[in-house]
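Asks: full-length UniProt numbering applies: residue 1 is where the sequence shown begins, and numbers increase by one.
Every residue, glycine too, gets a C-beta built ideally from N, C-alpha and C.
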Amino acid sequence: MIGTTNPLDPKKYPVLKDERCHFTTVIGHQKAHTCLTCSLPGNRISFIVAEQLDENTDKGIAFRNAEWTPESNENMIDEVHSALRNAIPLS
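1. Quick one: is L53 buried, meaning 16 or more other Cβ sit within 10 Å of its Cβ, or exposed?
2. Ordered along the chain, which non-local residues of its own chain (more than five positions away) have a Cβ less than 6 angstroms from that of T34?
3. Could you check how far apart the C-beta atoms of F39 and I48 are, in whole angstroms? I think they sit under 8 angstroms.
4. Suppose the cutoff is 6 angstroms on Cβ atoms and the five residues either side in sequence are ignored; what does the same chain contact list for V15 look like?
5. Compute the Euclidean distance between the alpha carbons of H11 and N73, then round it to the nearest angstrom.
6. How big is the Cα-Cα spacing for P7 and H29?
7. Would a C-beta distance cut-off of 8 angstroms place T5 and T24 closer than the cut-off?
8. Quick check: the Cα distance between R20 and P41, rounded to an integer number of angstroms?
9. If you reduce the DSSP assignment to three classes, tell me which class H22 lands in.
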């Protein structure tokens with residue numbers, strides 16, 4: 001899944017104050033997802049969320065995902081959102 005945010009507040013996200021581009025990669029420990037971010041001009045952030053598959057994953061998964069649909073994207077968004085909600089206490 002890839003995307004770009006709308007313009008964000010540099011006071012809330014200080015990395016946006018720097019004119020240089022910053023890259024961040026978070027690889028989930030014993031988790032299925034990896035997240036990459038990159039700061040962009042215009043106070044935006046680009047992101048990629050990748051799902052890691054192992055050798056035990058069904059061989060037919062490549063065929064099932066050959067046609068990526070909005071529903072597939074929604075499923076991944078729900079999975080990542082749920083994982084983040086459980087990992088990061090929000091107040």
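Replies: If we stick to the structure as given:
1. exposed
2. I27 and A50
3. As written in the sequence, residue 39 is Ser, which differs from the Phe given in the question. Going by Cβ atoms, the distance from S39 to I48 rounds to 14 angstroms, so no, they are not a contact pair.
4. H22 and S39
5. Correcting the residue type first, residue 11 is Lys in the shown sequence and not His. Rounded to the nearest angstrom, the two C-alpha atoms are 30 angstroms apart.
6. 30 angstroms
7. no
8. 9 angstroms
9. coil
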